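Reviewing the structure listed below.
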Amino acid sequence: MIRFLLQICILLIVLPVYCQAPIFTAQDTLRGSITDERAWWDLSYYNLDIEVNPEERYISGRNTIRYKVLSENQVIQIDLQSPLTITKITQDGYDLVFNSIGNAHWVTLLKPQKIGEYNELIVNYLGRPKEADNAPWDGGFSWSTDKNGNPFVATSCQGLGASVWWPNKDHMYDEVDSMAINVTVPKNLMDVSNGRLREIEEGANSKTYHWFVANPINNYGVNVNIGDYVYFGEIFEGENGPLSMDYYVLRDNLDLAEKQFKQAGLMMEAFEHWFGPYPFYEDGFKLVEVPYLGMEHQSSVTYGNKYQNGYLGTDLSGSGWGLKFDFIIIHESGHEWFANNITYKDIADMWIHESFTAYSENLYLDYYFGPEASAEYVIGTRSRIRNDRPIIGIYGVNYKGSGDMYYKGANMLHTLRQLLEDDEKWRQILRGLNKEFYHQTVTTNQIENYLSEQTNIDLTAFFNQYLRTTQIPVLEFSLQNNAIKYRYTNIVRDFDMPVRIKVNDHEQWLFPKAEWQTENLNNKGSNEVLVDENFYILVKNLSD
Ligand SMILES: [Zn+2]
12 MIRFLLQICI LLIVLPVYCQ APIFTAQDTL RGSITDERAW WDLSYYNLDI EVNPEERYIS
72 GRNTIRYKVL SENQVIQIDL QSPLTITKIT QDGYDLVFNS IGNAHWVTLL KPQKIGEYNE
132 LIVNYLGRPK EADNAPWDGG FSWSTDKNGN PFVATSCQGL GASVWWPNKD HMYDEVDSMA
192 INVTVPKNLM DVSNGRLREI EEGANSKTYH WFVANPINNY GVNVNIGDYV YFGEIFEGEN
252 GPLSMDYYVL RDNLDLAEKQ FKQAGLMMEA FEHWFGPYPF YEDGFKLVEV PYLGMEHQSS
312 VTYGNKYQNG YLGTDLSGSG WGLKFDFIII HESGHEWFAN NITYKDIADM WIHESFTAYS
372 ENLYLDYYFG PEASAEYVIG TRSRIRNDRP IIGIYGVNYK GSGDMYYKGA NMLHTLRQLL
432 EDDEKWRQIL RGLNKEFYHQ TVTTNQIENY LSEQTNIDLT AFFNQYLRTT QIPVLEFSLQ
492 NNAIKYRYTN IVRDFDMPVR IKVNDHEQWL FPKAEWQTEN LNNKGSNEVL VDENFYILVK
552 NLSD
């Protein structure tokens, strides 16, 4: 009986913790892992043809998938989410049989798949795709209308997956090398997708817009945007030569856009300075107006921030600096370097996109308003940090980490910059990341190792602390007879980040660890100790 009661007690203690952990299904594994049916082939090219009927909220089309055989296998996994249905899959003109488990479809191939060969699969599909209730966060199609009653339609699908609207290999580790996006829309409307517009084909009652992306692109970056668009543009003289910057906005918003999008050129100048050349010169850069807030769609960044500064008019930092720029132009474009150039393999590592991009907001301010403005902004955003769960999510099940990947991540990077005490070196590291991992999908470990090597600091414990726990280091200190006694609490093993303090206006570094240490202060009289606010730690003065 006692043993039984003990078991119940243990259960009562363990259960609430256990219940907080998310429960994953077989579908999550099929969506989020590199299954055997995905691993054996490497994406080379997509040719997506899609017809969009805004009135019926209906789409139909086909995707031609070209791939290279890496190892022999006869079953290939293609993803397409219900309620869309696959009508037919062919290879070399032969109809293929496929079995579906939810949104994963296993296609049995007839011809032997020889290593090194390039083969093609054509997937035909149709239906009424999932509608986005709260784009871009939940994803799907946003069916909207403009003030004049014209259809105003856009897709977004980060996290949910591109298979919510077109059939593909829906895992981030494998980016297609290039892609054609051909979109047929009613005659009075225009489609704007990624890359460059090659041709407009006129039908009786429709127009087909042929877009081509010459660079590798991740699945969720692909998008269609349909509306009564007008166009204006400019040429930016960038690090790699002339770059076309094209803008597509609703007819009525042309005047507003011509003013507000002046920030796009400012953005490009600042980010090329900090991160290196824009990574997709061949595809150009675009801002495209959409009926939702915005998203980092590669070479066609979508915009819905209502032509005002801040985040829908508000300053996320509370410092005032957040109103000096249009959040969506700056943040979503920052993703061209961190998300589209350097892309996570697994969404658990989404901090690689969001921490660096949230930090790019500071770097934009730094470029135009100086380092103090940038510091005030990033410190201001600490009020948004929740420390609810770690920044890194769970691997293999399409599960991202805490929203702290934005502002805790930005503060982590700002803290790291302090350790270097060399802003030019820091800039070279940020540019180096974009060169080293140019057009690649990566893991957290690759980024950690690169930063440790380039900074010459072993950052293992630093990243373990900030990315893998919710604990914020606490610097405890007390002053005794012209000396300071100090240590860290609330830290992971081996965490020993140095920190800058000011004693009576005199700067010095402390090297705290878990154990108490004492250091003499070279000042006579009463000491006032200030811990540099640029470090994202908590401070406890035990003398108070
Ligand atoms: Zn973002």
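In the working numbering, each number is its position in the sequence shown, counted from 1, plus 11. Where a beta carbon is used, it is the ideal one built from N, C-alpha and C, also for glycine. Computed from a prediction, not measured in an experiment: that's the story for all the values here.
Residue i - DSSP class collapsed to helix/strand/coil
{"i": "Asp434", "result": "helix"}
{"i": "Tyr378", "result": "helix"}
{"i": "Ser55", "result": "strand"}
{"i": "Ser93", "result": "coil"}
{"i": "Ile390", "result": "helix"}
{"i": "Val196", "result": "strand"}
{"i": "Ile468", "result": "coil"}
{"i": "Glu213", "result": "strand"}
{"i": "Ile24", "result": "At Ile24 the pLDDT is 48, less than 50, meaning the model places this residue with poor confidence; the figure from the coordinates comes in the next sentence. In the structure shown, Ile24 sits in a helix (DSSP, three-state: H, G or I)."}
{"i": "Asp39", "result": "helix"}
{"i": "Arg498", "result": "strand"}
{"i": "Val312", "result": "strand"}
{"i": "Asp157", "result": "coil"}
{"i": "Trp222", "result": "strand"}
{"i": "Thr325", "result": "strand"}
{"i": "Asp415", "result": "helix"}
{"i": "Ile13", "result": "Unreliable positioning characterises Ile13 in this predicted model, as indicated by a pLDDT of 49, which lies under 50. The coordinate reading is nonetheless provided below. Reduced to three states, the DSSP call for Ile13 is helix."}
{"i": "Phe291", "result": "coil"}
{"i": "Ala369", "result": "helix"}
{"i": "His517", "result": "strand"}
{"i": "Lys141", "result": "coil"}
{"i": "Thr46", "result": "coil"}
{"i": "Lys270", "result": "helix"}
Any non-hydrogen atom of ligand 1 closer than 6 Å to residue i Cβ
{"i": "Thr313", "result": "no"}
{"i": "Glu372", "result": "no"}
{"i": "Thr368", "result": "yes"}
{"i": "Glu539", "result": "no"}
{"i": "Glu347", "result": "no"}
{"i": "Glu464", "result": "no"}
{"i": "Glu365", "result": "yes"}
6 Å CB neighbourhood of residue i in its chain, flanking five on each side removed
{"i": "Tyr303", "result": "Ala146, Pro147, Ser153, Gly315"}
{"i": "Leu171", "result": "Gly150"}
{"i": "Asp399", "result": "Ser413"}
{"i": "Gln439", "result": "none"}
{"i": "Gln92", "result": "Asn114, Ser174, Val175"}
{"i": "Asp6", "result": "No answer is possible for residue 6: the residues shown for the chain start at 12 and end at 555."}
{"i": "Tyr69", "result": "Arg139"}
{"i": "Trp51", "result": "Leu81, Ser82, Asn84"}
{"i": "Tyr406", "result": "Asp357, Ala359"}
{"i": "Ser44", "result": "Gly407"}
Cutoff 8 Å; reference residue i; Cβ partners in own chain excluding five residues on either side
{"i": "Thr452", "result": "Met183, Tyr184, Asp185, Glu186, Asn229, Thr354, Tyr355, Lys356"}
{"i": "Gln457", "result": "Phe448"}
{"i": "His450", "result": "Glu186, Asn226, Pro227, Pro290, Asn352"}
{"i": "Gln274", "result": "Phe336, Asp337, Ile340, Ile341"}
{"i": "Gly72", "result": "Leu59, Asp60, Ile61, Glu62, Asn135, Tyr136, Leu137, Trp177"}
{"i": "Trp527", "result": "Lys496, Tyr497, Arg498"}
Neighbourhood of residue i by C-beta, 7 Å cutoff - its chain only, sequence neighbours within 5 removed
{"i": "Ala369", "result": "Tyr417, Tyr418, Gly420, Ala421"}
{"i": "Glu293", "result": "Ala225, Asn226"}
{"i": "Lys122", "result": "Gln102, Asp103"}
{"i": "Glu487", "result": "Tyr497, Arg498, Thr500, Lys551, Leu553"}
Contact test: residue i Cβ vs ligand 3 heavy atom, cutoff 6 Å
{"i": "Trp154", "result": "The ligand content of the structure shown is limited to ligand 1, which means ligand 3 is not among them."}
| query | How about the segment 334-348 and the segment 235-247: do they share at least three Cβ pairs that are nearer than 8 Å? | reply | no
| query | Counting pairs of beta carbons, one from the segment 490-505 and one from the segment 515-526, are three or more of them closer than 8 Å? | reply | yes
| said: Measuring CB atoms only, is the segment 154-164 touching the segment 51-67, in the sense that at least three cross pairs come out at less than 8 Å? | reply: yes
| request: Decide yes or no for the touch test of the segment 324-333 against the segment 380-394: beta carbon pairs closer than 8 Å, at least 3 of them. | output: yes
| said: I want to know whether the segment 211-221 touches the segment 255-269 - three or more CB-CB distances under 8 Å. | reply: no
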